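Count along the sequence shown starting at 1, add 262, and that's the number in the working numbering.
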Amino acid sequence: MKRTKAMIAVIAITGTYFISCSKDGGGGTPALDCSTVTNKAFAANINPIVQSTCNVASCHAAGSTNGPGPLTTYTEVFNARVAIRAAVSSGTMPQGSTLTASQKNSIVCWIDSGAPNN
């Protein structure tokens, strides 16, 4: 019985190791060549996407307690960048609408380039 439990534990740990060690860009998406993505400036590209799809009354507007909270300023978006990247990459956000491939690539590449305030 002890041997069976030990074997199950070894299999579970090994399986977890192999599942978690992938060569993708994180967030469940394949690595993206951000050198080809030109629309990744916060003020011109990222903020308009966030304001029109995330910063809405029932989601991440001022005072929101959903997920990472409000996404109304650069600082709030910057502080939530890891959660935003995962949600955008997986397609779980924005709820009720979808982002185009270009919008997703812009957000992911902006975050992957350090999420500059540009």
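Note that CB positions come from ideal geometry on N, CA and C, so glycine has one too.
Keep in mind the model is a prediction, meaning the values are calculated, not measured.
Asked, Found
"Taking I311 as the reference, give the member of C296, T335, S375, S352 with the closest Cα.", "T335"
"Specify, as a first and last residue, the run of the alpha helix (DSSP H) that P310 falls within.", "309-315"
"If C296 and S375 are in contact, beta carbons under 8 Å, what's the gap, nearest whole angstrom?", "6 Å"
"Compare the Cα-Cα distances from A293 to each of F304, P378, V370, A345 and report the closest residue.", "V370"
"Is the distance from the Cβ of N309 to the Cβ of L333 below 7 Å?", "no"
"Helix, strand or coil for N337? Go by DSSP, reduced to three states.", "In the sequence as displayed, the identity of residue 337 is Thr instead of Asn. Helix at T337."
"Skipping 5 residues on each side, what residues in its chain have a beta carbon closer than 6 Å to that of P385?", "Any answer about residue 385 is impossible in this case: the structure gives the chain only from 263 up to 380."
"Determine the DSSP secondary structure at S320, reduced to helix, strand or coil.", "coil"
"Tell me which residues share the same chain as P378 and place their Cβ nearer than 7 Å to its Cβ, disregarding the 5 neighbours each side in the sequence.", "F304"
"How far does the alpha helix (DSSP H) with S364 in it reach, from first residue to last?", "363-374"
"What first and last residue would you give for the alpha helix (DSSP H) that runs through V350?", "343-352"
"Is the beta carbon of S368 less than 7 Å from the beta carbon of K302?", "yes"
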